[in-house]
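Taking it in order: structure first as structure tokens, then the write-up.
Number of protein chains: 2
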Amino acid sequence: MTRVINFGAGPSALPHSVLEEAAKGLLNFHGTGIGVAEISHRSKAFTGFLTNLESLIRTQLDVPATHSILFTQGGGTGQFSAVVLNILARHRLLYPDLTNAERHLDYVITGSWSEKAADEAKRLGGGTVNIAVDSRPYSKDGKSFDNIPSHDRYSFSPDPALIYYCENETVDGVQFGYEEGEQTSFPFELFPQGTLLPLVADYSSSFMSRPIPRLADHAVIYAGAQKNIGPAGLTILIVRQDCLVDVDAAAKLGAVPVPLSMSYKVLADAKSLYNTPSVLPIYIAGLVLERMKENGGMPYYEDVNRRKAEKVYAALKRGEEKGVMQSKVKEGGGRSWMNVVFDIVGGPDALSKFISGAEAKGLHELKGHRSVGGIRASLYNAITEGEVDQLVAYMDEFTNAN
Amino acid sequence: MTRVINFGAGPSALPHSVLEEAAKGLLNFHGTGIGVAEISHRSKAFTGFLTNLESLIRTQLDVPATHSILFTQGGGTGQFSAVVLNILARHRLLYPDLTNAERHLDYVITGSWSEKAADEAKRLGGGTVNIAVDSRPYSKDGKSFDNIPSHDRYSFSPDPALIYYCENETVDGVQFGYEEGEQTSFPFELFPQGTLLPLVADYSSSFMSRPIPRLADHAVIYAGAQKNIGPAGLTILIVRQDCLVDVDAAAKLGAVPVPLSMSYKVLADAKSLYNTPSVLPIYIAGLVLERMKENGGMPYYEDVNRRKAEKVYAALKRGEEKGVMQSKVKEGGGRSWMNVVFDIVGGPDALSKFISGAEAKGLHELKGHRSVGGIRASLYNAITEGEVDQLVAYMDEFTNAN
Chain A
28 MTRVINFGAG
38 PSALPHSVLE
48 EAAKGLLNFH
58 GTGIGVAEIS
68 HRSKAFTGFL
78 TNLESLIRTQ
88 LDVPATHSIL
98 FTQGGGTGQF
108 SAVVLNILAR
118 HRLLYPDLTN
128 AERHLDYVIT
138 GSWSEKAADE
148 AKRLGGGTVN
158 IAVDSRPYSK
168 DGKSFDNIPS
178 HDRYSFSPDP
188 ALIYYCENET
198 VDGVQFGYEE
208 GEQTSFPFEL
218 FPQGTLLPLV
228 ADYSSSFMSR
238 PIPRLADHAV
248 IYAGAQKNIG
258 PAGLTILIVR
268 QDCLVDVDAA
278 AKLGAVPVPL
288 SMSYKVLADA
298 KSLYNTPSVL
308 PIYIAGLVLE
318 RMKENGGMPY
328 YEDVNRRKAE
338 KVYAALKRGE
348 EKGVMQSKVK
358 EGGGRSWMNV
368 VFDIVGGPDA
378 LSKFISGAEA
388 KGLHELKGHR
398 SVGGIRASLY
408 NAITEGEVDQ
418 LVAYMDEFTN
428 AN
Chain B
28 MTRVINFGAG
38 PSALPHSVLE
48 EAAKGLLNFH
58 GTGIGVAEIS
68 HRSKAFTGFL
78 TNLESLIRTQ
88 LDVPATHSIL
98 FTQGGGTGQF
108 SAVVLNILAR
118 HRLLYPDLTN
128 AERHLDYVIT
138 GSWSEKAADE
148 AKRLGGGTVN
158 IAVDSRPYSK
168 DGKSFDNIPS
178 HDRYSFSPDP
188 ALIYYCENET
198 VDGVQFGYEE
208 GEQTSFPFEL
218 FPQGTLLPLV
228 ADYSSSFMSR
238 PIPRLADHAV
248 IYAGAQKNIG
258 PAGLTILIVR
268 QDCLVDVDAA
278 AKLGAVPVPL
288 SMSYKVLADA
298 KSLYNTPSVL
308 PIYIAGLVLE
318 RMKENGGMPY
328 YEDVNRRKAE
338 KVYAALKRGE
348 EKGVMQSKVK
358 EGGGRSWMNV
368 VFDIVGGPDA
378 LSKFISGAEA
388 KGLHELKGHR
398 SVGGIRASLY
408 NAITEGEVDQ
418 LVAYMDEFTN
428 AN
């Protein structure tokens, strides 16, 4: 069987050329005579590869010297905990005399992932969770994650220990606006410039799909690799260095103890090699990032990903005009470039018909997340514009036939 | 360049046939038209593979129905924290009224990994660490990890919350005795039979190299995959079901909060799919375990691994008799089947000569851990008896020439 087009939400498609290269590396890594899954993570061949990987991210995303780039395991779920523990440890060291009730963790809730992250902060304790905004009251039906709220709807604490948002909600297809001046962008202007903002962003499903607005203002940006840049099992962190704190000193002052493998400082001090990293996912991510650089880096992907999304949303609009399709996400900003989520009008039979018709054309993994239903087309970096054109042609064909 | 023989301590050699199969799976997994690194972890193809992986472990290790087999990320270092947090949560729920000083965590220290694990328990708090035994006072020089203490040297707490040991110390080359009645075995007889012992074992570097003695008496057995069964990035847990506890209920009673991704119950309830697992390392581990079953399972590997170790230790003894080599680990039990650690007599020049001579014969990664020095030959499952014969021939040649 030949390869199909994989619109899955993650783990998701990787470039064919990268997979062919990785298949060779499995047997022999950089001429060492040892496969990449078998080589010591402390070997020169591997540490050199890791250094280059960091540089590929730093250069393409324009990460300033104030921020360290770290590699770990455990995905977004691990970071739901780790960011709270590290940032609260930092806050404890800065303000040892505050009560937990005075340590405000401000969460921006725009989808199921940011909601889970806020739930984890509530579980761990050590601070008080404030929901700066929840987008559901502003949705079409009053209960769905289908929009990004406008800036006047946020209510942040006066001096929060943590400000948290999820840049792209993979399940719900909602993403912060990207265009200059958009009301659906993250409301950076509500915070003072040039301060060490405790701003944390989950970029798991949009990392390196386009430049990161106001990157330098972030305390922590993290991303699981398994969307745009590699296999599951690798988590990438961009951490501003004032957030690399001595968690043990903070625990002595009453902060929640931090498992050693979750300490950002431990990770940074050991250059991401405190313990054995997930060598194989790191290798494949390195191949992907090298290829991205050759393709033209962020300007190239920003252009292509914008066009890909515009084409699919345009086809969706044609489907809506004929009453065949229905976008899940409100019009007017907040629609994700990465995950296009929509319904097929006509119930389960119509949905099945769309999916089986797509599969007959080699367009796979279009079923929506089990909590949302419908269709979800994920348009990550590895999905080419030509593949999007095939999806669009099929959507139009379906619209016209129904 | 052809492949070399890789005696590295981990990440370490994998079977060539498995790597060739994995290279195909990277491009197309089980005829799905999607590579294994790209496929949804909730797809039928992958969940079926995971169920089979569990069954391959359960059958070959004879894991009873009382124990769950779980897959996670983060390696041994992650488990240093997770076992303490989960087992202390269990203890808190069983005995809510004890003080932390009354919650005894008994650590058996036989090498640098068990020492690190005990250090992590001290960091996390919630209980009091008791060193049941430290092997260093019984070493040749009074300060090295070169032996397993005899049973009369252990001093366990009357009713410990946790009893911890590391079955094989990868860095130091020390392993608990395996033969019936050996004084270097773990002193199971010091504990009452048929109770729910809070016994935890780190099997990272010996997992599935031979059967696990008294497996059913263990609360938790864990192992990083990157020695005998797969690439780094996968951690395997065998957890007795009474240790799958509600960590939030325990936290309400004063236990240390547990990051959600470290909760054994969360992992078990979701059949190891609470969040995206490290799909690619899991796939390769599955191929390795399938091959192990075809080869004859544990009886086969027990026999081969015993013979491999005996051959290398015999060559080491010949080197010692000629004054050319020096075992790091005391004779008389406690010598690892997996990691043979020794010195070349004559200082750094002699050591370099041994290593470069070995490399000229295609025998690689023999340098000892940086904290111990000397030579370390790791004889994991993927190292064949024929490859060991090549090492032994070289050791003898070196002995006779010096």
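Top line first, the protein sequences correspond to chains A and B. Letter 106 of the first sequence, counting from 1, is numbered 133 in this note's numbering, and no numbers are missing. Letter 92 of the second sequence, counting from 1, is numbered 119 in this note's numbering, and no numbers are missing. Backbone N, C-alpha and C define an ideal beta-carbon position, used for all residues, glycine too. The model shown is predicted, which means the values in this text are computed figures rather than measured ones.
| Asked | Found |
| --- | --- |
| On the three-pair Cβ rule with 8 Å, is the segment 254 to 269 of chain B touching the segment 415 to 429 of chain A? | no |
| Output yes if chain B places a C-beta closer than 8 Å to the C-beta of residue 382 of chain A; else output no. | no |
| Could you give the residue range of the beta strand (DSSP E) that holds residue 94 of chain B? | 94 to 99 |
| Closer than 9 Å, Cβ to any Cβ of chain B: which residues of the segment 288 to 306 of chain A, in chain order? | 288, 289, 301, 302, 303, 304, 305 and 306 |
| Quickly, what does DSSP pair residue 362 of chain A with across the bridge? List them, please. | A/201 |
| So, is the C-beta of residue 410 of chain A closer than 8 Å to a C-beta in chain B? | no |
| Please give me, in chain order, every unbroken run of the alpha helix (DSSP H) with length at least 4 that falls completely inside the segment 99 to 142 of chain A. | 102 to 121 |
| Pull the bridge partners of residue 189 of chain A from the DSSP assignment, please. | A/132 |
| Just the Cα atoms here: how many angstroms apart are residue 67 of chain B and residue 277 of chain A? | 39 Å |
| In chain order, which alpha helix (DSSP H) runs of at least 4 residues are fully inside the segment 277 to 348 of chain B? | 291 to 296, 306 to 322 and 324 to 348 |
| Closest by CA to residue 287 of chain A, which one among B/151, B/383 and B/54? | B/151 |
| Residues of chain B with a CB under 7 Å from the CB of residue 29 of chain A: which are they? | 60 |
| List the residues of chain A that residue 229 of chain B touches, going by C-beta distances under 9 Å, in chain order. | The contacting residues do not exist; residue 229 of chain B stays about 13 Å from chain A at best. |
| Can you round the beta-carbon distance between residue 111 of chain B and residue 189 of chain B to whole angstroms, since I take them to be within the 8 Å contact cut? | 7 Å |
| Look at the alpha carbon of residue 2 of chain A and the alpha carbon of residue 385 of chain A, and state the distance between them as a whole number of angstroms. | Because residue 2 of chain A is not part of the residues shown, which for chain A are 28 to 429, the question remains open. |
| Would you call residue 340 of chain A buried or exposed, if buried means 16 or more other Cβ atoms sit within 10 Å of its Cβ? | buried |
| Output the distance between the C-alpha atoms of residue 127 of chain B and residue 153 of chain B, rounded to the nearest integer angstrom. | 5 Å |
| Please report the straight-line C-alpha distance between residue 252 of chain B and residue 106 of chain B, rounded to a whole angstrom. | 13 Å |
| Would you call the segment 351 to 368 of chain A and the segment 35 to 42 of chain B in contact, with 3 or more CB pairs under 8 Å? | no |
| Are the C-beta of residue 399 of chain B and some C-beta of chain A separated by less than 8 Å? | no |
| Residues of chain A with CB under 7 Å from residue 253 of chain B, in chain order? | 303 |
| Candidates B/310, B/144, B/392 and B/335: which alpha carbon is nearest residue 72 of chain B's? | B/310 |
| Give me, in chain order, the residues of the same chain whose beta-carbon lies closer than 6 Å to that of residue 102 of chain B; leave out the 5 immediate sequence neighbours on both sides. | 251 and 262 |
| Could you check which residue in A/140, A/242, A/179 and A/328 has the C-alpha nearest to that of residue 159 of chain A? | A/179 |
| So residue 41 of chain B contacts chain A; which residues on that side make the cut at Cβ distance below 8 Å? | 62, 64 and 65 |
| Would a check of beta-carbon distances place residue 104 of chain A closer than 8 Å to chain B? | yes |
| Below 8 Å, can you find three or more Cβ-Cβ pairs linking the segment 293 to 303 of chain B to the segment 204 to 218 of chain B? | no |
| Is the distance from the Cβ of residue 319 of chain B to the Cβ of residue 237 of chain B below 8 Å? | no |
| Give me, in chain order, the residues of the same chain whose beta-carbon lies closer than 8 Å to that of residue 162 of chain B; leave out the 5 immediate sequence neighbours on both sides. | 136, 137, 138, 172, 173, 174, 175, 176 and 201 |
| Excluding five sequence neighbours on each side, which residues of the same chain lie with their C-beta closer than 6 Å to the C-beta of residue 94 of chain B? | 265 and 267 |
| Give me, in chain order, the residues of the same chain whose beta-carbon lies closer than 8 Å to that of residue 259 of chain A; leave out the 5 immediate sequence neighbours on both sides. | 37, 38, 102, 251, 252, 253 and 308 |
| On the DSSP letters alone, give me the boundaries of the alpha helix (DSSP H) that residue 79 of chain A sits inside. | 71 to 88 |
| Can you say whether residue 117 of chain A is buried or exposed, counting buried as having 16 or more other CB atoms within 10 angstroms of its CB? | buried |
| Anything in chain B within Cβ reach of residue 195 of chain A, meaning under 9 Å, just list it in chain order. | What residue 195 of chain A touches in chain B: nothing, since even the nearest Cβ is about 16 Å away. |
| Check whether the segment 386 to 403 of chain A touches the segment 359 to 378 of chain A, taking contact to mean three or more Cβ pairs, one atom from each stretch, closer than 8 Å. | yes |
| Looking at residue 255 of chain B: is its Cβ nearer than 8 Å to the Cβ of residue 366 of chain B? | no |
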